[in-house]
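Working notes for the structure below.
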Ligand code: THU
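Numbering (my numbering), first residue to last: -9 to 150.
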């Protein structure tokens, strides 16, 4: 028997103003995309924006459904737009922002587990890390250098 310590590293930015210009622009797009979220049930809106290697920005937002499990998170709406329209372009960065109708979210809102799994597929496929930046409505932003840093001991195609 042995115990292994897993370590990960994140960077914390104090506010959107502290982000590098390109990332601030990307986060602005995620915030803009959030406005179009269809979230009548949770009233929790999420926007996601991907920056591709040719400068293209692709956005998405959460889409809910009266049959609750048929809804979809913003990150997966956006990544599938990327993969279906630009399957050969590399993804450089992802920015995520969330807002709730019941409170002002001042802490970074992390992508859910299913989104991390989905995103990891494309990071592995492109063999290059995707930087992930996430925030609430205001306040600090967390940056992870890679999707896999957010998903230790991941399930991947090597098991199939
Ligand atoms: N949601 C996202 O869009 N991304 C996440 O990573 C977590 C949750 C959405 C799904 C649902 O529409 C609402 O937020 C509440 O869970």
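We put the CB at the ideal spot given by N, CA and C, even for glycine.
Suppose you measure from the CA of residue 43 to the CA of residue -9; what does that come to, to the nearest Å?
Residue 43 sits at position 53 when you count from the first residue of the chain shown. Residue -9 sits at position 1 when you count from the first residue of the chain shown. Whole-angstrom Cα-Cα distance: 44 Å.
Report the rounded CA-to-CA distance for residue 75 versus residue 69, giving the unit in angstroms.
Translated into the one-based positions of the chain shown, residue 75 becomes position 85. Translated into the one-based positions of the chain shown, residue 69 becomes position 79. Looking at the two C-alpha atoms, the distance is approximately 10 Å.
List in chain order the residues whose CB is within less than 6 Å of at least one heavy atom of ligand 1.
That gives 29, 32, 34, 36, 52, 54, 61, 63, 64, 65, 101, 102 and 105.
Which same chain residues, not among the five before or five after residue 9, have their C-beta less than 8 Å away from its C-beta?
Taking the first residue of the chain shown as position 1, residue 9 is located at position 19. So the qualifying residues of the chain are 3, 17, 123 and 131.
Starting from the C-beta of residue 35, find all residues in its chain whose C-beta is less than 6 Å away, skip the five residues before and the five after it, and write them out in chain order.
Here residue 35 is taken as the residue at index 45 of the chain shown, counted from 1. Same-chain partners within the cutoff: 24, 27, 29 and 89.
Tell me whether the stretch 139 to 146 and the stretch 101 to 108 touch, counting them as touching only if at least three CB pairs, one residue from each stretch, are closer than 8 Å.
The stretch 139 to 146 vs the stretch 101 to 108: in contact.
Whole angstroms are fine: how far does the CA of residue 37 sit from the CA of residue 5?
Indexing the chain shown from 1 puts residue 5 at position 15. Indexing the chain shown from 1 puts residue 37 at position 47. Near 17 Å, if we compare the C-alpha coordinates of residue 37 and residue 5.
How would you label residue 134, buried or exposed, when you count the other beta carbons within 10 angstroms and need 16 or more for buried?
The residue labelled residue 134 in the question sits at position 144 within the chain shown. Buried.
If you draw a straight line from the C-alpha of residue 116 to the C-alpha of residue 61, how long is it?
The residue given as residue 116 occupies position 126 in the chain shown. The residue given as residue 61 occupies position 71 in the chain shown. If you take the alpha carbons of residue 116 and residue 61, they lie about 27 Å apart.
Looking at C-alpha atoms only, which residue of 12, 103, 22 and 128 is the closest neighbour of residue 121?
The count along the chain shown starts at 1 and reaches residue 121 at position 131. Nearest of 12, 103, 22 and 128 to residue 121, Cα basis: 12.
Would you check if the distance between the CB atom of residue 101 and the CB atom of residue 125 is smaller than 9 Å?
Translated into positions along the chain shown, residue 101 becomes position 111. Translated into positions along the chain shown, residue 125 becomes position 135. No.
Is it true that the CB of residue 83 sits closer than 9 Å to the CB of residue 72?
By 1-based counting over the chain shown, the position of residue 72 is 82. By 1-based counting over the chain shown, the position of residue 83 is 93. Not in contact: residue 72 and residue 83 (Cβ atoms no closer than 9 Å).
Who does residue 39 pair with in a DSSP beta bridge?
Within the chain shown, numbered from 1, the residue matching residue 39 stands at position 49. In DSSP, residue 39 forms a bridge with 49 and 85.
With the cut-off set at 9 Å, would you say residue 94 and residue 65 are in Cβ contact?
By one-based count along the chain shown, residue 94 stands at place 104. By one-based count along the chain shown, residue 65 stands at place 75. Result no, Cβ atoms of residue 94 and residue 65 do not sit closer than 9 Å.
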